[in-house]
Structures are given as structure tokens and as C-alpha cells.
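Quick notes on the structure that follows.
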Amino acid sequence: MAVSDTPPRPTLAQRIMASEHGFLALVLAVLIVVLTLSADRFLTPANAVAILHQSSLVLIVAVGMTFLLITAEVDISVGASLAFGSCVVMAVMNETNSILLGTLAGVGFGAAVGGINAVVTTVLRVNSLIGTIAMMMMLQGGVYLFTREAVQNHHQLPLFPKIATGYVLGIPVPAIIAAAVAAVGMVVLARMRAGRLALAVGANPSAARLSGYSPERIKAVAFVVTGALTGLAAVILTSLLNAGQPTAGTGFELTVIAAVLLGGTSLMGGRGTILGTILAVLILKVIDNGIIQMRWNQDLQIIIPGIVLILALYMDQRRRGGAGG
22 MAVSDTPPRP TLAQRIMASE HGFLALVLAV LIVVLTLSAD RFLTPANAVA ILHQSSLVLI
82 VAVGMTFLLI TAEVDISVGA SLAFGSCVVM AVMNETNSIL LGTLAGVGFG AAVGGINAVV
142 TTVLRVNSLI GTIAMMMMLQ GGVYLFTREA VQNHHQLPLF PKIATGYVLG IPVPAIIAAA
202 VAAVGMVVLA RMRAGRLALA VGANPSAARL SGYSPERIKA VAFVVTGALT GLAAVILTSL
262 LNAGQPTAGT GFELTVIAAV LLGGTSLMGG RGTILGTILA VLILKVIDNG IIQMRWNQDL
322 QIIIPGIVLI LALYMDQRRR GGAGG
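If you use the working numbering, the sequence shown corresponds to residues 22 to 346, in order.
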């Protein structure tokens with residue numbers, strides 16, 4: 022009797038575990054089921070909308086960070102840039118009485134910070150981790166030279182708070198903005214030349230250079246895009262607080278990086294997806310929301326991203342070890 026050499030078909034569970042997105046979706050589904058059974062108010066339309074709202078700022082910046090990590094760089098300054106940017110937005114609005122100019126100032130400020138980070142990393146050849154930590158320190162000190170306290174909304178423009186608190190067809194405006202940013206990011210990464218170049222530079226910068234592409238230029242663009250998206254998030258944060266808050270953004274950068282790494286983007290570059298980042302952001306924010314719903318100590322919201330960061334780095338190391346073996 023002949024023995025078949027055909028390997029057995031993997032089970033559904035094996036296929037889910039082998040699929041990075043499938044595994045993340047499974048984790049998210051399990052969290053939702055557990056919290057639904059544990060907290061009466063978790064599975065309600067109002068709470069679902071709240072989770073979308075809470076996810077928006079992190080997702081907007083995480084899209085940019087996904088591209089940056091794919092190129093094998095990182096930006097630790099996004100939290101400090103978010104806080105400083107919010108003060109810039111409100112200060113410009115107070116001077117000009119214009120939401121548009123305030124928004125442009127916030128996005129421009131973030132892009133400028135990203136540009137400086139790009140120069141430090143790609144021209145001065147400073148490691149991006151060290152360079153952006155230095156930028157974070159300068160921004161944290163600089164914001165107090167700019168303002169000693171929160172920058173209040175002097176004109177009380179009625180439309181400005183609606184950027185953060187408004188709804189379209191029952192969906193929060195920040196969630197719509199975040200979804201649009203994520204959709205563009207998915208198209209760029211999966212369908213456009215810029216996305217392929219980012220992946221190529223992260224995987225093998227020498228090969229990319231031999232093919233006629235400049236890794237430094239591609240990394241610089243990723244830094245500027247991440248900075249600009251941080252500026253956009255600063256506009257939404259300022260709208261939510263109706264003020265520029267110099268103390269905002271503490272720990273924000275670690276939450277963003279934890280989400281991107283949990284979503285499957287490699288710290289060493291060359292691999293990552295926006296869908297994975299979206300699922301990871303939702304996982305983190307569902308956990309945050311569950312902590313509130315269960316009335317647990319909210320300090321856990323600070324601890325959880327740290328645990329996730331360690332797990333994500335371990336998973337990334339295992340994946341790279343498996344690929345190498």
C-alpha cells in the first residue's frame with residue numbers, strides 16, 4: 022500500500038495562529054467576549070463609539086510610525102511633539118482667529134520636528150532612538166519656554182471643539198479622520214511605489230541603494246510624515262481639550278510604538294502592515310476601556326503598554342529567528 026507524502030491540511034486553529042492578522046483578530050474577539058460577559062455596559066453602541074474615539078489619536082500617529090519602523094527607524098519624540106504642537110495650534114488660533122491657520126500650524130510644526138529628526142538621523146548619522154530621545158527632551162523643555170501654562174482658547178470659536186466632539190452619522194469625527202489616514206496608509210503601503218520602497222529600504226538598504234534609490238531620502242520622508250500626522254493628532258487633542266496643554270502626551274509614544282510592534286511591524290525594519298497596526302490599536306484600547314468598565318485601578322492603563330511592548334519585541338525576535346532558521 023502506497024504511503025502519501027502529502028502533508029495533512031492545517032486545521033482552522035493552525036491557520037489562524039499562522040496568520041498574524043488572524044491571531045490579532047482572534048485576540049480582539051476573545052477580549053470582546055470576555056469583557057461583554059464581565060461588564061454589563063461594555064457591549065453597547067455608546068461604548069463602541071467611545072472605543073473608536075479613544076483609538077483615534079493613537080491610530081493616526083501609529084500609521085506614520087508603521088512606515089517609520091518599516092524603514093528600520095523610530096521616533097520617540099511624538100508624545101512631546103503632540104503636547105508642544107497642541108500649544109502651537111491654540112497660540113496661532115488665538116493670534117489669527119482662524120481654525121485653518123491653527124490646523125496648518127500644528128501639522129507644519131509636527132512636520133518640522135520630523136524634518137529635524139530626519140536630518141539628525143540621515144545626515145548627522147545619529148541613531149534614531151538616541152536622536153529622537155534628545156528631540157523629546159528638547160521639546161519637553163522648549164514647550165515651557167513657549168508657555169508656562171495651558172494655552173486657553175481666547176476666541177471660543179464654536180466650530181473648533183466639534184473637530185474632536187462632533188459626529189457624522191453617529192461616528193466620531195476623529196474616528197473618521199483616523200480611518201481616512203489608515204486607508205491612505207494601506208493603499209500607499211500595499212499598492213504604491215512609495216510603500217514598496219519603504220519595505221525594500223528596511224529589509225536591505227544596500228540593495229535598495231544599488232537599485233538606484235536613496236535610503237536616506239525614503240527614511241526622511243517617513244520621519245516627516247510621522248511628524249505631520251503627530252501634528253494632525255495635536256489639532257484633534259487641542260480641540261478635545263479646547264486648550265493647548267504642555268503636559269499632554271506623556272507616555273503617548275510608548276503606546277504608539279507598542280501598538281505598531283504588536284501589529285507585526287518589525288523593529289528591525291522590512292516588514293509591517295497597516296491592518297496589523299489597526300487591530301493592535303483596537304486591542305490596546307479595548308483593554309483600556311475594559312479596565313475602566315471593570316473599575317480596576319486605572320494605573321494599569323500605563324502598565325499594559327509596557328507589557329505589550331515586551332511581548333511584541335519577543336514575538337518579533339521569534340519571527341526573525343524563525344525566518345533566519
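Think of the CB as a built atom: it goes at the ideal place given N, C-alpha and C, for glycine as much as any other residue. These figures come from a predicted structure and were not determined experimentally.
Should residue i and residue j be called a contact, given that it needs their Cβ atoms to be closer than 8 Å?
{"i": "Thr251", "j": "Ala83", "result": "no"}
{"i": "Leu160", "j": "Thr294", "result": "no"}
{"i": "Val141", "j": "Gly127", "result": "no"}
{"i": "Gly265", "j": "Thr271", "result": "no"}
{"i": "Gly285", "j": "Ala224", "result": "no"}
{"i": "Ile257", "j": "Ser77", "result": "yes"}
{"i": "Ala132", "j": "Asn310", "result": "no"}
{"i": "Val281", "j": "Thr87", "result": "yes"}
{"i": "Leu89", "j": "Thr247", "result": "yes"}
{"i": "Ser107", "j": "Asn138", "result": "no"}
{"i": "Leu262", "j": "Ala333", "result": "no"}
{"i": "Val307", "j": "Leu64", "result": "no"}
{"i": "Ile120", "j": "Leu180", "result": "yes"}
{"i": "Ala279", "j": "Leu330", "result": "yes"}
{"i": "Leu125", "j": "Met207", "result": "no"}
{"i": "Met111", "j": "Val189", "result": "no"}
{"i": "Leu166", "j": "Val302", "result": "no"}
Can you give me the C-alpha to C-alpha distance between residue i and residue j, rounded to a whole angstrom?
{"i": "Glu170", "j": "Leu275", "result": "25 Å"}
{"i": "Tyr4", "j": "Leu288", "result": "Any property of residue 4 remains undetermined from this structure, which presents the chain solely from 22 to 346."}
{"i": "Val245", "j": "Leu300", "result": "24 Å"}
{"i": "Arg341", "j": "Val134", "result": "32 Å"}
{"i": "Ala241", "j": "Met315", "result": "43 Å"}
{"i": "Leu56", "j": "Pro236", "result": "45 Å"}
{"i": "His74", "j": "Ile198", "result": "10 Å"}
{"i": "His4", "j": "Phe273", "result": "Since the displayed the chain opens at 22 and closes at 346, residue 4 lies outside it and no answer follows."}
{"i": "Ser232", "j": "Ser40", "result": "31 Å"}
{"i": "Asp320", "j": "Leu305", "result": "14 Å"}
{"i": "Arg212", "j": "Ile91", "result": "16 Å"}
{"i": "Arg339", "j": "Ala269", "result": "35 Å"}
{"i": "Ser149", "j": "Tyr234", "result": "20 Å"}
{"i": "Asn318", "j": "Ser59", "result": "16 Å"}
{"i": "Ile184", "j": "Ala243", "result": "26 Å"}
{"i": "Pro182", "j": "Glu116", "result": "18 Å"}
{"i": "Ala254", "j": "Ile313", "result": "23 Å"}
{"i": "Asp337", "j": "Val194", "result": "34 Å"}
With 16 as the cutoff for other CB atoms within 10 Å, does residue i come out buried or exposed?
{"i": "Thr153", "result": "buried"}
{"i": "Asn118", "result": "exposed"}
{"i": "Pro267", "result": "buried"}
{"i": "Gln177", "result": "exposed"}
{"i": "Ile328", "result": "exposed"}
{"i": "Leu145", "result": "exposed"}
{"i": "Ala201", "result": "exposed"}
{"i": "Pro326", "result": "buried"}
{"i": "Pro226", "result": "buried"}
{"i": "Glu94", "result": "buried"}
{"i": "Gly162", "result": "exposed"}
{"i": "Gly348", "result": "Only positions 22 to 346 of the chain appear in this structure, which leaves residue 348 out of reach."}
Which two residues bound the contiguous alpha helix (DSSP H) that contains residue i?
{"i": "Thr124", "result": "Ile120 to Ala139"}
{"i": "Ser149", "result": "Ser149 to Phe167"}
{"i": "Leu145", "result": "Per DSSP, Leu145 belongs to no alpha helix (DSSP H) and is neither H nor E."}
{"i": "Thr247", "result": "Pro236 to Leu262"}
{"i": "Asn68", "result": "Pro66 to Ile91"}
{"i": "Ile53", "result": "Glu41 to Ser59"}
{"i": "Leu220", "result": "Arg214 to Ala224"}
{"i": "Ser107", "result": "Val99 to Thr117"}
{"i": "Ala185", "result": "Lys183 to Thr186"}
Would a check of beta-carbon distances place residue i closer than 8 Å to chain D?
{"i": "Ser102", "result": "The question asks about chain D, but that chain is absent: this structure has only one protein chain."}
Give, in chain order, every unbroken run of the alpha helix (DSSP H) that is at least 4 residues long and sits entirely within the segment 272-304. Taken in chain order, the unbroken stretches of alpha helix (DSSP H) that lie wholly in the segment 272-304 and span 4 residues or more are 273-283.
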